[in-house]
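Residue numbers (the working numbering): 269 to 338. Note that CB positions come from ideal geometry on N, CA and C, so glycine has one too. Quantities reported herein were computed from a predicted structural model and do not represent experimental measurements. To start, the structure itself, in structure tokens.
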């Protein structure tokens, strides 16, 4: 087995398909802002902002890769 494929499996298992990490990232904001409506609204705005910016960056990278036929 090549070392690149082992490295890919390690990264895939530890970061991409890690259900414990996904569970923690999903529950942590809920527990942090579930006390007050004001903090929940701010957290919702922050999540929306991050999703918009990350989507724009991903679109730009995707378009660049398509343009160079990667």
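Could you check what DSSP says for residue 304 in three-state terms: helix, strand or coil?
Numbered from 1 along the chain shown, position 36 holds the residue referred to as residue 304. Residue 304 falls in the coil class under three-state DSSP.
Rounded C-alpha distance that separates residue 281 from residue 326:
Start at 1 with the first residue of the chain shown, and residue 281 comes out as number 13. Start at 1 with the first residue of the chain shown, and residue 326 comes out as number 58. Near 22 Å, if we compare the C-alpha coordinates of residue 326 and residue 281.
I need the straight-line Cα distance from residue 279 to residue 272, nearest angstrom please.
In the chain shown, residue 279 corresponds to position 11, counting from 1. In the chain shown, residue 272 corresponds to position 4, counting from 1. Spanning the two alpha carbons is a distance of roughly 11 Å.
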